[in-house]
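Just below is one structure, and these are the notes that go with it.
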Amino acid sequence: MTDPLSQHPAPQPRDAQSRDAQPRDAQPRDAQPRGEVDRDTLVRWLDEYLGTGSYADLSLNGLQIEGTGVIRRVAASVDTSVKTLQSAADSGADLLLVHHGLFWGQPLALRGPHRTRVRTALMADLNLYAAHLPLDAHPEVGNNAMIARALSLGNLQPFGEAAGRQIGLAGELPFAQSLQDFADRVQKLTGEICLVHGGGIPQVQRLGVLSGSGAGAVAEAAALGLDTLLTGEPEHKHFHDAFEYGVNVVFAGHYETEVFGVRALAARLEEEFGLPWQFLHHPTGL
Numbered sequence: 000m001t002d003p004l005s006q007h008p009a010p011q012p013r014d015a016q017s018r019d020a021q022p023r024d025a026q027p028r029d030a031q032p033r034g035e036v037d038r039d040t041l042v043r044w045l046d047e048y049l050g051t052g053s054y055a056d057l058s059l060n061g062l063q064i065e066g067t068g069v070i071r072r073v074a075a076s077v078d079t080s081v082k083t084l085q086s087a088a089d090s091g092a093d094l095l096l097v098h099h100g101l102f103w104g105q106p107l108a109l110r111g112p113h114r115t116r117v118r119t120a121l122m123a124d125l126n127l128y129a130a131h132l133p134l135d136a137h138p139e140v141g142n143n144a145m146i147a148r149a150l151s152l153g154n155l156q157p158f159g160e161a162a163g164r165q166i167g168l169a170g171e172l173p174f175a176q177s178l179q180d181f182a183d184r185v186q187k188l189t190g191e192i193c194l195v196h197g198g199g200i201p202q203v204q205r206l207g208v209l210s211g212s213g214a215g216a217v218a219e220a221a222a223l224g225l226d227t228l229l230t231g232e233p234e235h236k237h238f239h240d241a242f243e244y245g246v247n248v249v250f251a252g253h254y255e256t257e258v259f260g261v262r263a264l265a266a267r268l269e270e271e272f273g274l275p276w277q278f279l280h281h282p283t284g285l
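Counted the way numbering that gives the first Met the number 0 counts, the sequence shown spans residues 0 to 285.
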């Protein structure tokens, strides 16, 4: 079988990367018989593959909402909202894989939008599986591993501390390039305009990658001798750090730096179990 990730290239601008929804009885692209897997078997496989139990994460990683007992079709999304849940249900998915789930560190009353989200999943008999830090950090399908691969980074090492673990990667580009050329390259990868803080040298080669909210890693980047940090969203309190530590920071968007993991994980499920999948693209612009 060909590499499933090569069949699902890096995100393109807007909706270009979304796979067309297929009927519930459609077969995967490779014309093999449609897959079918017991929900509990699939959840155990995901928990083990992602190592969800080894992270001190605010997110309740794993199966957050239990739905139908047999999985035949998968949807993947960065966020969990009424829109993504309803889109998953409308596509015929039995399981929605997300990076940002519904439960974070404390119980929430089933009121308002939270109630509507939970009800949408339950009414559709839709399973909701969330993987937050485990999907940032995973060495094969993680957000940071996928970005590093897309940028052809070499000499990789762990980088970017979160909850007592390093979930990002540091590495070297094959050749030095100007900060503007690098930002343009990232923009082509994500489809979104990057915000650039040029606090360091004008040439980029030694790079730290930390998807999502990684602006606080500037000091760590400086300590490792990195010239540039690639992350998702900016934070005002870290604005001056970039210039005072002498590190360039390229902000490519929280959402756009975290589409990689759920897509790669869904492709991995297709490879392992023959489950067709669809990426639900609902960008936030942040």
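From the three backbone atoms N, C-alpha and C, an ideal C-beta is built for every residue, glycine too.
Counting C-beta pairs with one atom in each stretch, the segment 49–59 and the segment 129–138 have three or more that are closer than 8 Å, which means they touch.
By alpha-carbon distance to Leu95, the top candidate from Gly198, His280, Pro201 is His280. The C-beta distance from Leu228 to Ala218 rounds to 10 Å, too long to fall under 8 Å, and the pair is not in contact. Short of 7 Å from the beta carbon of Leu285, and not among the five residues preceding or following it, lie these beta carbons of its own chain, in chain order: Glu232, Gly252, His253, Tyr254. Burial of Val246 is indicated by the presence of at least 16 other C-beta atoms within 10 angstroms of its C-beta. Taking 8 Å as the cut-off, the beta carbon of Pro112 is found closer than this to the beta carbon of Val81. Under the three-state reduction of DSSP, Gln105 is assigned to coil, being neither helix nor strand.
The Cβ atoms of Val249 and Ala149 lie no closer than 8 Å to each other. The C-beta distance from Gln202 to Ser177 rounds to 6 Å, short enough to meet the 8 Å contact threshold.
The count of Cβ pairs closer than 8 Å, one atom from the segment 136–145 and one from the segment 100–109, stays below three, leaving the stretches out of contact. Excluding the 5 residues flanking it on each side, Thr115 has same chain C-beta neighbours closer than 8 Å at Val81, in chain order.
Taking every protein chain shown into account, the CB of Asp180 has fewer than 16 other CB atoms within 10 angstroms, so this residue is exposed. Between the alpha carbons of Val69 and Thr79 lies a gap of roughly 21 Å. Scanning the segment 196–281 from its first residue to its last, the whole alpha helix (DSSP H) runs of 4-plus residues come out as 217–222, 238–244, 258–272. Bridge pairing for Arg164: Ala161 [DSSP]. When the Cα atoms are used, His99 and Leu155 turn out to be separated by approximately 26 Å.
Uninterrupted alpha helix (DSSP H) stretches at least 4 residues long and entirely within the segment 108–196 occur at 111–122, 132–136, 142–149, 178–189, given in chain order. Looking at the DSSP output, Gly61 sits in a beta bridge with Ala129. Its Cα nearest to that of Phe278, the residue Val261 stands out among Val261, Ala214, Arg267.
Rounded to whole angstroms, the Cβ separation of Thr230 and Thr256 is 7 Å, and the two are in contact under 8 Å. Per DSSP, the unbroken beta strand (DSSP E) holding Ser76 starts and ends at 73–78.
Bounds of the beta strand (DSSP E) holding Leu94 are 94–99.
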